[in-house]
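Participant: Residue numbers (this note's numbering), protein chains in the order written: chain A, 1 to 256; chain B, 1001 to 1292; chain C, 2001 to 2296.
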Amino acid sequence: MTGGLELRALGKRFGGVVAADDVNMSVPPGRITGLIGPNGAGKTTIVNLVTGMLSVSSGSILFDGRDITHAPAHAIARAGLARTFQNIRLMPEASILDNVMVGFHRHETSGLLAALLRLPAAARETRAMRDRAMALIGRFGLAALADHPAGGLSYGHQRRVEIMRALATDPRLILLDEPVAGMNDVESAEMAEVIRGLAAEGRAILLIEHDMRFVTGLCAHVYALDGGRLIAEGSARAVLSDPVVIEAYLGSPLDA
Amino acid sequence: MASLYNAWGPILDLYLLQLGFAFSQYLVLRAGVFSLATAALAAIGAYTAGILAVKHGVHPALGILAGTGMGTAAALVLSWPLARLRGVYQAIATLAFVQIVLSLNIWAEGLTGGAMGLMNIPRVVGTPGLLAAAVAVTYIIWAIGRTRIGRTFDVIRENEAVAVSLGVSVPRWQALAFALSGAIAGLFGALEAFHSYALDPNIFGFSFLIATLSYVVFGGRKSVLGPLVGTAVLILLPELARPLAENRVLVYGLLLILVINFLPRGVADTLLDAWHRRRLARRSAAAAEALR
Amino acid sequence: MIAQQLLNGIVVGGVYALFALGFNLVFGIQRILNLAHGAVFMAGAFTAWYTVVNGGPLWLGFLLAMALSGCLSVLIELVCFRRLRRTGDEEFGAIISSIGASLVIMTIAQRISGTRIVRFPFDTFPIQIYQVAGLRISLLQLFMAAAAFALVVVMAWFVYRTPWGRRIRAVTENARAAMLTGVNPNAVYRQTYFMAGALAGAAGVLVGLAFNSIHYMMGEPYLLFGFVIIILGGLGSIPGALLAALLFGMMQTLTIAFLPTGLTNAVIFLGLFLILLLRPHGLLGREEAGQLRGRR
Ligand SMILES: Nc1ncnc2c1ncn2[C@@H]1O[C@H](COP(=O)(O)OP(=O)(O)OP(=O)(O)O)[C@@H](O)[C@H]1O
Ligand SMILES: [Mg+2]
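1) Comparing alpha-carbon positions, which option in C:Arg2083, C:Leu2058, C:Ser2102, C:Phe2092 lies nearest C:Ser2073?
2) Counting only C-beta atoms, is B:Leu1225 closer than 8 Å to chain A at any point?
3) List, in chain order, every chain B residue whose beta-carbon is nearer than 7 Å to that of A:Met91.
4) Strictly below 7 Å CB to CB, what residues from chain A border B:Gly1167?
5) Establish whether the CB of B:Pro1264 and some CB of chain C are separated by less than 8 Å.
6) Could you check whether C:Met2155 and C:Leu2199 sit closer than 8 Å to each other, using their CB atoms as the reference points?
7) Quick check on the burial criterion: 16 or more other C-beta atoms within 10 angstroms. Buried or exposed for A:Met129?
8) Heavy atom of ligand 2 less than 7 Å from the Cβ of B:Gln1025, yes or no?
9) Quick check: what's the CA-CA separation for C:Met2218 versus B:Gly1067?
10) Taking 5 Å as the limit, tell me which residues put their C-beta closer than that to any heavy atom of ligand 1, in chain order.
11) With respect to 7 Å, is the separation between the Cβ of A:Asp211 and the closest non-hydrogen atom of ligand 2 below this value?
12) When DSSP labels each residue in this structure, what does A:Asp185 get in the three-state scheme?
13) Could you confirm whether any beta carbon from chain A is found closer than 8 Å to the beta carbon of B:Leu1052?
14) Could you work out which residues of chain C lie near B:Asn1202, taking near to mean beta carbons separated by less than 7 Å?
15) Contact check, A:Val50 vs A:Ile61 under 8 Å by CB: the rounded distance?
16) Going along chain B, which residues have a C-beta under 8 Å from C:Thr2107?
17) Are the C-beta of B:Tyr1139 and some C-beta of chain C separated by less than 8 Å?
18) Kindly list the residues whose CB is nearer than 6 Å to the CB of A:Arg13, restricted to its own chain and excluding five residues on each side of it in sequence; keep chain order.
19) Look at B:Leu1209 and B:Leu1102 and say whether their C-beta atoms are less than 8 Å apart.
20) Ignore the nearest five residues each way along the sequence and tell me which others in A:Val18's own chain have a CB closer than 7 Å to its CB.
21) Taking only beta carbons into account, state which residues of the region 2060-2088 of chain C come closer than 8 Å to chain B, listed in chain order.
22) If we require 4 or more residues per run, which alpha helix (DSSP H) segments fall completely within the region 2038-2116 of chain C?
23) Check the Cβ-Cβ distances between B:Ile1044 and every residue of chain C, and say whether any is below 8 Å.
24) Going by the C-beta, is A:Gly177 closer than 7 Å to any heavy atom of ligand 2?
25) Closest to C:Leu2007 by CA distance: which of C:Gln2141, C:Phe2027, C:Leu2084 is it?
26) If you draw a straight line from the alpha carbon of A:His105 to that of A:Glu6, how long is it in whole angstroms?
27) Confirm, please, whether the CB-CB distance from C:Gln2252 to C:Gly2009 is below 8 Å.
28) Scan the region 1141-1187 of chain B and note each continuous alpha helix (DSSP H) run of 4 residues or more that stays entirely inside, going in chain order.
29) Can a CB atom of chain C be found closer than 8 Å to the CB of B:Arg1084?
30) So, for B:Phe1023: in the same chain, excluding its five sequence neighbours on each side, which residues have a beta-carbon less than 6 Å away from its beta-carbon?
31) Measure the beta-carbon distance from B:Gly1189 to B:Ala1074 and round it to whole angstroms, keeping in mind my assumption that it falls under 8 Å.
32) Closer than 8 Å is the cut-off here; do at least three beta carbon pairs connect the region 1169-1187 of chain B with the region 1116-1125 of chain B?
33) Kindly indicate which three-state DSSP category C:Phe2027 falls into: helix, strand or coil?
34) At the level of alpha carbons, what is the spacing between C:Pro2185 and A:Ile88?
35) How about A:Leu117: is its C-beta nearer than 8 Å to some C-beta of chain B?
36) Which residues share a DSSP beta bridge with A:Phe14?
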């Protein structure tokens, strides 16, 4: 085993609803792993379980060989795991820059007293973080908008800010919950490039997406989920042509 | 000059004291803690300082230090149960805490002087002392806003799930906010004790709570300017016109309703935002011009 | 002695139930803490008093109090909360806004009464004391218990047995889903606030009669007791609030009877603190008090 994320017989129940049942998955570093499934299949639930935002009912989660099943969410993030949210969650009134800068939280080391009194060490650190944030924003082509409030941006730009914030934590694994939902073709093609770049840097990536073309273009390995259970896995082409997967999508009343 | 001070000195002193309490309330709100405990923490600081001075003859400087320390300690202890609660539950718990401190202050007559109050506290703090404390606290609040502490508080307030996903330990940071809020409340409580000869438990009751909350809501909960402006306006308003002074409570009530509904971010923050937006617009316009 | 205290406690608890039920109904339906509920209660007491001193019969005062408090409560929702709900920051905003409303209402009452404590005329309610199995109970206490019981039954019938009540419960459960099925939430809110206010007004009259003391600040302690009750019973739970109000009434009369006077409030609120820590969702509630904000 070479690191990355490993789910073993993962299960989650909400009262009577089984949202995840005996899910086994692995998300290796340097590759883009896809997770698909109709609405309500339990994809976001998996992300919430992995990031510690929901408590696990059964099974276990390993990250780089370490058991993080019951670790608190903030500790999981500090271990190098980042996520984006399906329903965008930014600080709408804060600027892009400020939204990205909070992402550096786990790399900030200046003492509390230094920060309270704004001693030179703290001021220096803040400047350094600002420079790093600006570099990141520049890489995503939003430098001209850095001081603008995030809430006023287009949908596609907001999604980019979310990804930048997640990247600021310098994660080894990043979970992207529908990163191109609501984007036009050009934006989504740009996003594909970004995601490919992240994998090339050696990060493990779990990509949740409804856009099948997008998934096929990016993912080396795809898992299909329905009703909380894995119904297929393998190469994108194989999974998408699997009759069980097609049936699951066609059977879903909300299929897009 | 002297007559000017005689007329406005007491109001300036009142402003500086209330500013401290406003900042105490501001800090917890900024970190997303829905606490109304400032009144109780200020009472703890004030009574610690007052009792030490009156009953044990402790030097005021030590008394102020002890008041600040007790405010901090009480806040830290309180932060543990509060960390397990959210939103309105935090508000209710801290309201209960205010009520507990109030009742105990009245009940423990031997120690606190009970409902009659604590008398004969040496009046050793004047305008310069208050000014120094207010400037120091304003600086710290400003500094917090420009370092990682402020950034962390902001993300917790805006969205806890996001904060957690970035590695923020919410209970620990909220405990920090709470401890700072307690330190400031304790400090200004102690200053109040040494500024006013006497303490009475009801100073730190509901009207105190409503006043500090009003300063912050009216001024704004984000920038340093919020409490500075909010406290100034609400303290000066009654001085400007007699009808306003006579209807102080009514004015506060109406202002709270109006501001939270129509300027929910407070006067100072709204103005700052508008100014910021204008600057951005001008800059974009200039950039477009340059491109042409 | 204890039995007598418990009996007194149940009577008081019935009145608390009237107060807390409305408070809780509003919280349940909008997740809003209406801190002006104490002022609405006070307004009820003043209305009845005003009616009686102007020669009206008590029953008329009672009805007018319920009507006026109900309308006041609806007005508070309109003026203080409706706009906040649209902007979405109602958790913090409603507390501020309702504190404002409470200050306004209290100032008006203060002006009308001239900061005096006003009392019902001596013969407003006949003084009659019965002895039953060694326990003393006054006609007024019987009336209070009966009125509280009747109002609670009417309210429960309304909420659980009528189409309006069904809509209220639907909106409480999930406002958006209810809207999709054609329920107009604003109408539901109006009914809920009216009911909550009317119950508080009735409680105000009963308290005014029981202690024969009506004052512009009389709502404040009841608001605080209301917190204890709804936390004890579970925020949003109707049966919980009912049970908790009776329990609280009994506990309070016992603490007043057996503890040093100055300490009762400290003990009561310490109790509230403990409940919040040990059982934040209350006896019969199911809300998660420690839920992460922003989490789906
Ligand atoms: N906090 C929760 N409490 C109760 N049930 C939940 C909770 N979160 C999710 N569920 C349920 O779990 C199931 C899976 O939901 P989930 O959000 O994981 O689906 P999804 O695959 O992400 O769907 P979509 O494509 O619409 O985003 C759904 O039936 C949902 O109602
Ligand atoms: Mg999802």
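By construction, the Cβ of each residue, glycine as well, lies at the ideal position given by its N, Cα and C atoms.
Facilitator: So, from the data block:
1) C:Ser2102
2) no
3) Asp1154, Val1155, Glu1158
4) His74, Ala77, Arg78, His105, Arg106, Thr169
5) yes
6) yes
7) buried
8) no
9) 33 Å
10) A:Phe14, A:Ala19, A:Asn39, A:Gly40, A:Ala41, A:Gly42, A:Lys43, A:Thr44, A:Thr45
11) no
12) helix
13) no
14) Those within 7 Å of B:Asn1202 in chain C number zero; the least Cβ separation is about 12 Å.
15) 6 Å
16) Asn1247, Val1249, Leu1250, Gly1253
17) no
18) Ser57
19) no
20) Gly228
21) Val2079, Cys2080, Arg2083, Leu2084, Thr2087
22) 2058-2076, 2082-2087, 2090-2113
23) no
24) Before going on, a small fix: residue 177 of chain A reads as Asp here, not Gly. Yes - ligand 2 has a heavy atom lying nearer than 7 Å to the Cβ of A:Asp177.
25) C:Gln2141
26) 26 Å
27) yes
28) 1148-1158, 1160-1165
29) yes
30) Val1137, Ile1141, Ile1184, Pro1227
31) That pair is no contact at about 11 Å.
32) no
33) helix
34) 27 Å
35) yes
36) A:Val17
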